[in-house]
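Undergrad: Shown below is the structure under consideration.
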Amino acid sequence: MLVDEAEITVRAGKGGDGIVSFRHEKYVPKGGPDGGDGGDGGNVVMQAANNIHTLSDYARIKKFAAEDGVNGGKQKRRGKSGQDLILKVPVGTVIFDLETKRKIADLNSEGKKIVIAHGGKGGLGNVHFASPTHQTPTEFKPGEEGEERKLRLVLELIADVGIIGLPNAGKSTLLSVISSARPKIADYPFTTLEPVLGAVQYHDKKFIACDIPGLIEGASEGKGLGHKFLKHILRTRILVHLIDATSPDPQKDYQTVRKELEKFAPSLALKKEIVVLTKIDLVNLAKDYNHHPISKDSNKDKTAHKQKETPTTPDKVGELPKRFKYDLAISAATNKNIKALLDKIVQNL
Numbered sequence: 011m012l013v014d015e016a017e018i019t020v021r022a023g024k025g026g027d028g029i030v031s032f033r034h035e036k037y038v039p040k041g042g043p044d045g046g047d048g049g050d051g052g053n054v055v056m057q058a059a060n061n062i063h064t065l066s067d068y069a070r071i072k073k074f075a076a077e078d079g080v081n082g083g084k085q086k087r088r089g090k091s092g093q094d095l096i097l098k099v100p101v102g103t104v105i106f107d108l109e110t111k112r113k114i115a116d117l118n119s120e121g122k123k124i125v126i127a128h129g130g131k132g133g134l135g136n137v138h139f140a141s142p143t144h145q146t147p148t149e150f151k152p153g154e155e156g157e158e159r160k161l162r163l164v165l166e167l168i169a170d171v172g173i174i175g176l177p178n179a180g181k182s183t184l185l186s187v188i189s190s191a192r193p194k195i196a197d198y199p200f201t202t203l204e205p206v207l208g209a210v211q212y213h214d215k216k217f218i219a220c221d222i223p224g225l226i227e228g229a230s231e232g233k234g235l236g237h238k239f240l241k242h243i244l245r246t247r248i249l250v251h252l253i254d255a256t257s258p259d260p261q262k263d264y265q266t267v268r269k270e271l272e273k274f275a276p277s278l279a280l281k282k283e284i285v286v287l288t289k290i291d292l293v294n295l296a297k298d299y300n301h302h303p304i305s306k307d308s309n310k311d312k313t314a315h316k317q318k319e320t321p322t323t324p325d326k327v328g329e330l331p332k333r334f335k336y337d338l339a340i341s342a343a344t345n346k347n348i349k350a351l352l353d354k355i356v357q358n359l
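Residue numbers (this note's numbering): 11 to 359.
Right, dumping it as structure tokens:
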């Protein structure tokens, strides 16, 4: 199960205390101070790792602490510093401070890391307080407390292509055909319950595609499943918008999803988009199905308003809808135009 949000508390290590100590050596009756400094407390570091895919560990364990520094020793020995605590998270994890709501970091690449809580400095031993007029100091400085922070972790998957559409539009089937991913596929809505990533190798190009649960009207307000995972396509460079060719009103289906994208994040509505009719093996093909360019602003022009008022049902039962504008018509079941779709994706990346 994909856990993509978690709230945790982290505490860096406390610095070790400096100590009060005096030299006690034979033939040195008036030995001076030799109290050593404490070691620094360990930092808490968060690092992105490709082999971590979920925040589930941070949903189960809520508190994390780095090691404290060791107190100073005699003969001016400095205490050992506390070991840093390195917390590994999936690539794409965004870190927020829960109290200030400020974004601290975006760990969007393998190995990227940040110190999110600094360890306290070690305290000073009494050797630092000696002077010609104060030769037996008993003062020392305790170690500083380490930083403590409450954090919110949000995972935004890293993918090049986002596959979107209404439930049962054929998203999972397409991903299974073009990539090595094997999502659950069934002939009913909401088969996909969480995002699925697939690596696509096409000729000399490689990209990552993300299939998210189907969107429904009101998704941006929390209806259905898709709204929870819309953040996972925020980083994508292009959207592949699938429309079921057997739908009685593909234009309405298209506008429903577009509106939810715009409500969730205006940046999603500005992304490059390839509009694709799916399941064309179930309908009779229109002769010009490969040549229907669509404008992302079509919902704002007069043509779009006319289309909205007049449902774009097929001209005849069982035919591909001709009045709905799209870029490609495919069948993942028969591999019809899959190569053409991959060509178009690669051209737009």
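Ideal Cβ placement from N, Cα and C applies to all residues, glycine included.
#1: Could you tell me how far apart the beta carbons of Ser-341 and Asp-291 are, in whole angstroms, since I believe they sit closer than 8 Å?
#2: Check the DSSP bridge columns for Thr-19 and list the partner residues they point to.
#3: Relative to the C-alpha of Phe-274, which residue among His-242, Ala-209, Gly-23 and Val-250 is closest?
#4: Here's the rule I'm using: 16 or more other beta-carbon atoms within 10 Å means buried, otherwise exposed. How should Ala-209 be labelled?
#5: What's the call for Thr-288, buried or exposed, on a 16-neighbour Cβ count within 10 Å?
#6: State yes or no: is the C-beta of Gly-49 within less than 7 Å of the C-beta of Val-80?
#7: Quick one: any contact between the stretch 21-40 and the stretch 76-94, if contact means 3 or more CB pairs under 8 Å?
#8: What's the call for Lys-349, buried or exposed, on a 16-neighbour Cβ count within 10 Å?
#9: The alpha helix (DSSP H) spanning Ile-188 covers which residue range?
#10: Express the C-alpha separation of Gln-265 and Asn-309 in angstroms, rounding to a whole number.
#11: Using the DSSP secondary-structure output, state which residues sit across from Glu-1 in a beta bridge.
#12: Three or more C-beta pairs under 8 Å: does that hold for the stretch 172-190 against the stretch 122-142?
#13: Report the option in Val-250, Gly-129 and Leu-352 whose CA atom is closest to the CA atom of Arg-159.
#14: Is there contact here, the stretch 13-30 with the stretch 156-171, by at least three beta-carbon pairs under 8 Å?
#15: Enumerate, from N- to C-terminal direction, the unbroken beta strand (DSSP E) stretches of 3 or more residues contained entirely within the stretch 86-125.
#16: Could you check the C-alpha separation between Gly-52 and Ala-76 for me, to the nearest Å?
#17: Is it right to say Lys-335 is buried, meaning 16 or more other beta carbons lie within 10 angstroms of its own, or is it exposed?
#18: Output the distance between the C-alpha atoms of Lys-90 and Ala-127, rounded to the nearest integer angstrom.
#19: Under 8 Å by Cβ, that's how I've got Leu-161 and Leu-108 pegged, so tell me the actual separation to the nearest angstrom.
#20: Are Ile-284 and Asp-214 closer than 7 Å when you measure CB to CB?
#21: Looking only at its own chain, which residues have a Cβ that is under 8 Å from the Cβ of Ala-255, when we skip the five neighbours before and after it?
#22: Tell me whether the beta-carbon of Ile-173 lies closer than 7 Å to the beta-carbon of Ala-219.
#23: Give the secondary structure of Tyr-212 by DSSP, where H, G and I count as helix, E and B as strand, and everything else as coil.
#24: Under 7 Å Cβ to Cβ from Asn-347, same chain only, skipping five residues before and after it: list those, please.
#25: Hey, could you find the ends of the alpha helix (DSSP H) Ala-350 is sitting in?
#26: Output needed for Thr-344: all residues of its chain with C-beta closer than 6 Å, excluding positions within five of it in sequence on either side, in chain order.
#27: Can the beta-carbon of Leu-165 be found less than 7 Å from the beta-carbon of Gly-121?
#28: Determine the closest residue to Gly-175 out of Tyr-212, Pro-223, Leu-278 and Arg-245, with distance taken between C-alpha atoms.
#29: Residues in the same chain with beta-carbon distance under 6 Å from Gly-123, minus the five sequence neighbours each way, listed in chain order, please.
#30: Specify the secondary structure class of Thr-322 as computed by DSSP and reduced to three states.
#31: Please state whether the Cβ-Cβ distance between Ala-247 and Asp-353 is less than 7 Å.
#32: Going by C-alpha to C-alpha distance, which of Pro-152, Asp-47, Leu-97 and Lys-36 sits closest to Leu-65?
#33: When you compare each of Arg-112, Phe-74, Phe-106 and Val-267 to Leu-95 by their alpha carbons, which one comes out closest?
TA: For this structure:
#1: 4 Å
#2: Lys-73 and Lys-160
#3: Of the listed residues, the one whose Cα sits closest to Phe-274 is His-242.
#4: exposed
#5: Thr-288 should be labelled buried.
#6: Contact flag set, yes.
#7: Contact annotation: the stretch 21-40 touches the stretch 76-94, with at least three C-beta pairs closer than 8 Å.
#8: exposed
#9: 181-188
#10: With a pLDDT of 42 at Asn-309, under the threshold of 50, the predicted position of this residue should be treated as unreliable, and no value is reported.
#11: This structure gives no information on residue 1, because the portion of the chain shown stretches from 11 to 359.
#12: no
#13: Gly-129
#14: yes
#15: 95-100, 103-107 and 113-117
#16: 5 Å
#17: buried
#18: 19 Å
#19: 6 Å
#20: no
#21: Leu-287, Thr-288, Lys-289, Ile-290, Leu-292, Val-293, Leu-330, Pro-331 and Ala-339
#22: yes
#23: strand
#24: Leu-338, Ala-339 and Ile-340
#25: 348-358
#26: Counting only residues of its own chain and dropping the five nearest sequence neighbours on each side, Thr-344 has a CB closer than 6 Å to the CB of Asp-291.
#27: no
#28: Pro-223
#29: First, the residue type needs correcting, since residue 123 is Lys and not Gly in the sequence shown. Correct list, in chain order: Val-55 and Gln-57.
#30: Per-residue confidence for Thr-322 stands at a pLDDT of 41, beneath the threshold of 50, marking its modelled position as unreliable; no derived number is given.
#31: One detail in the question is off: residue 247 reads as Arg in this sequence, not Ala. No, Cβ-Cβ distance for Arg-247 and Asp-353 is not below 7 Å.
#32: Leu-97
#33: Phe-74
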